[in-house]
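Residues 2 to 702 (the numbering used here) make up the sequence shown, in order.
In this text, a Cβ means the ideal position worked out from N, Cα and C, and glycines have one as well.
Input: a single structure, listed below in structure tokens.
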Amino acid sequence: MDTKLKKRKPGVTFFFFALAVTLLLYSVGLALYQTQGGDNLYLDYRDTPSYTRTISGLIADAYYMALGSQSEQQQGQYMLDRENGNLDYFVQSNQGDGIKLFSNTEALSPGVFNNLISGGNYSEYIRIAEDKISISRDSRWGSIDETQQVLENRYAAYFDTAIRNTIRSGYTSDVVIYLAVRPEGQFQPHGDLYGTWSSWKNDVIILGVLTILACISLLILLVVAIKHKSLALANRKIAHMMGWFWLEAKAALTVLAVLGGWRALELIFGSSEFIYLLLFLSCFWWCWFLLLDLCYNKARVFTHNSISSISKWMLRFVRSLENKHDFLQRMKQRFIILVASEFLLILLFFVFLYIAPLGWIIDVVLVGLGIFLLVDYIKRYNRNVDEFGLVMDYVREVKNGTVNEPLILPPEDDFAPLANDLSDIQSGISRAVEEQVRSERMKVELVTNVSHDLKTPLTSIINYVDLLSKEELDPAYANDYVKIIAQKADRLKNLVQDLFEISRANSGAIELHPEQIDVVALVEQTIAEMDQRADALGLELRTQFAVPRLMVWADGKKLHRVFENLLGNALKYSLAGTRIYIAVLPLRQEATIIFKNIANYEMHFSPEDIVERFQRGDASRTTEGSGLGLAIAKSFVELCGGTLAIEVDGDLFKATASLPICAQPEAEAPADEKAPEPLHREEPEPPPAPGEPPEAPEEEP
């Protein structure tokens, strides 16, 4: 799902959608704004209302030159001369004071003017004589020649009342006006004619650009329509964000958007301020977001308001004051009461400050009361902090096991119930620990006593079995029974001895005799003692000693028992025909002794379980063993200050004993003292002479 969302990219899709809609609205709005005057709706600028008004104004100025006062003549001539280079004119009138001629050419009569301009390049030629107007124009669609009454022509629509009345009265019948307009390609950058053409040209270019923008917007909208799923996802995200706002805020913004958008439209068509178009776009998008909010959030739009939110907040606030612990609830209530009291005192302070003649006296009392409440709360808070510190110290002492007495706080303190509970917990832990220690001690004593009590009859059994094994019993198969009894008795003796040792090791009652031991020599001795057994089982022992000697500080007998158990375990459970690897190497200031072998069964146990007491790798228990070998080895290694780690990898069984290395001796010992004495299990006492009862062994302390 996340991969699909990344491919869809809803944010990018909505961005292009918003850009397309904005460009479309922008281009349409700007086009409407540009077409208010109607000039850019014509393909020829001479058909625009602006051009018509300009020519109408020039004709009116010519009439004022011919019939007006001296000031009007000057004003009219100035307006016509402004078009110098864009307009050639000839004006003649015959009044009582003589003939008046006005022209920007050398013509002194209408005929001469016609001859002067006949060979020139003009886009429009206007002739007015005897209240008739003739217009000649060359356009893209052909030539136009028309003659009409002056007041019936389209230029007369913009004449002022004075000119109209003058024409109707007949005073203009002897006025001759000739106007020749240059083509737009020869316009000079001055005058009303150039301004009209330039404005029309700019408007046409803008409309073309806006048309291109509108087409691009429609193309983008078409692409976005193809990605409608991404757009729908973007709309849901926008609706989700809109859901954060209260109904009142959205309603206020909506009213402003509607009024602002409507006013913006009015200003767009009634003002030259283009900035209002941007205001309209902002209002439009807010209404769009509100529509998405209504479509996706539906009823939640109306339920998520300030009243419901404040009510929920007040409900959560009230619930936050509730606590199942009394002391925490009291602390919260105390804080709320302080804040409310201080707020009320501040309010009363300003009330009495402005309305009471002697309000300052009451304000002093209010300030004192506020300070007293604040100081009292701080004192209570500091006392709670100190009490909590005592509780934390007591918890740390309980964790470290150094608690000697319970934690007692005054009953009126907030943390007194917590202190009592912690004291009860500590008492319960102490009782549980004492009970556990007593149980462990009783268990160790039981195992020790049982092991010790079993040794006396077991020794007698072994001695009598030995005597029977030397006799020729009848029938003959009785001798086989004696051999089996001897084997089982020896196994039982080893089991009792293992139980005795593991119980003493776990209880810490075992006596150690640490000394410097060469683990290399001790491993070699253990291998030599068990080499014949390996040959009999078809196993090959391979050794790897990184150094010729490696000294550790340990009990030699206990360490020999560790190696004996580890190697014996490997011999007992190795696959026939495989090799057992034994390595001794120094590693990180430790002597590391490794035993590796391939098991002859599928190992389903974990390394943590196999070192527990009475745990055996052979779940069927068809092989001899007590399940205490690895447990004893682990206990003895730890008593010597080391660690024993077991690793299982498929059929590979690996036991690693690590012991701290001690300093090498300065001088080598004599050859006969290098290796420790051969260590063996305790052999059975020799059997008594025939007819004599066996002696009971000495009891161990």
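Which listed residue (the options) has its alpha carbon closest to that of residue i
i: residue 87; options: 147, 109, 180, 149; result: 180
i: residue 603; options: 300, 46, 576, 581; result: 576
i: residue 55; options: 108, 341, 193, 199; result: 193
i: residue 465; options: 491, 443, 340; result: 491
i: residue 640; options: 311, 260, 557, 137; result: 557
i: residue 174; options: 187, 182, 133, 147; result: 133
i: residue 564; options: 530, 578, 171; result: 530
i: residue 428; options: 413, 208, 411, 402; result: 402
i: residue 145; options: 199, 61, 62, 47; result: 47
i: residue 566; options: 535, 593, 632; result: 632
i: residue 594; options: 200, 572, 573, 644; result: 644
i: residue 457; options: 494, 489, 474, 439; result: 494
i: residue 381; options: 334, 407, 395; result: 334
i: residue 553; options: 186, 534, 521, 562; result: 521
i: residue 642; options: 23, 139, 573, 555; result: 555
i: residue 658; options: 197, 601, 597; result: 597
i: residue 172; options: 95, 459, 149; result: 95
i: residue 149; options: 195, 162, 129; result: 129
i: residue 28; options: 131, 216, 630, 439; result: 216
i: residue 646; options: 652, 635, 653; result: 635
i: residue 578; options: 599, 188, 99; result: 599
i: residue 184; options: 527, 394, 198, 214; result: 198
i: residue 467; options: 475, 473, 487; result: 487
For residue i: DSSP bridge partner residues
i: residue 416; result: Beta-bridge pairing links residue 416 to no other residue.
i: residue 649; result: 654
i: residue 585; result: 546, 594
i: residue 662; result: 553
i: residue 101; result: 94
i: residue 335; result: Residue 335 pairs with nothing; no bridge assigned.
i: residue 515; result: 556
i: residue 580; result: 541
i: residue 575; result: 600
i: residue 89; result: 181
i: residue 704; result: Any property of residue 704 remains undetermined from this structure, which presents the chain solely from 2 to 702.
Same chain, Cβ closer than 8 angstroms to residue i, neighbours up to 5 away in sequence not counted
i: residue 668; result: Model confidence at residue 668 stands at a pLDDT of 44, short of 50, so the residue's coordinates are unreliable and nothing is read from them.
i: residue 650; result: none
i: residue 392; result: 408, 416, 419, 420, 423
i: residue 516; result: 554, 555, 556, 557
Neighbourhood of residue i by C-beta, 6 angstroms cutoff - its chain only, sequence neighbours within 5 removed
i: residue 294; result: 240, 243, 302
i: residue 66; result: 74, 77, 78, 92, 103
i: residue 114; result: 91, 108, 179
i: residue 21; result: 218, 221, 222
i: residue 541; result: 580
i: residue 675; result: Residue confidence for residue 675 is low, a pLDDT of 43 falling below 50, so the modelled location carries little weight; the figure read from the coordinates is stated next. Result list for residue 675: empty, nothing under 6 angstroms.
i: residue 12; result: none
i: residue 127; result: 136, 180
i: residue 272; result: Note that residue 272 scores 48 on pLDDT, short of 50, meaning its location in the model is unreliable and no value can be drawn from it.
i: residue 671; result: Below a pLDDT of 50, predicted positions are generally treated as unreliable, and residue 671, at 45, falls in that range; no measurement from the model is reported.
i: residue 62; result: 77, 80, 81
i: residue 479; result: none
Residues near residue i by beta carbon distance below 7 angstroms, same chain, minus five either side
i: residue 331; result: 415
i: residue 10; result: 231
i: residue 85; result: 105
i: residue 306; result: 247, 248, 249
i: residue 367; result: 346, 349, 350
i: residue 26; result: 282, 285
Which runs of the alpha helix (DSSP H), 4 residues or longer, sit entirely within the region 203-269?
229-243
Quick check for students: name the residue ranges of the alpha helix (DSSP H) that lie wholly in the region 120-196, counting only runs of 4 or more.
162-170
contact_flag[the region 112-127, the region 201-219] where n(CB pairs < 8 angstroms) is 3 or more
no
Below 8 angstroms, can you find three or more Cβ-Cβ pairs linking the region 533-547 to the region 582-590?
yes
Quick check for students: name the residue ranges of the alpha helix (DSSP H) that lie wholly in the region 283-309, counting only runs of 4 or more.
301-304
Count Cβ pairs between the region 217-226 and the region 10-17 that sit closer than 8 angstroms; are there 3 or more?
Because the criterion of three Cβ pairs below 8 angstroms is met, the region 217-226 and the region 10-17 touch.
Three or more C-beta pairs closer than 8 angstroms, one from the region 363-378 and one from the region 332-343: is that the case here?
yes
Could you say if the region 345-357 and the region 380-394 meet the contact criterion of at least three C-beta pairs nearer than 8 angstroms?
no
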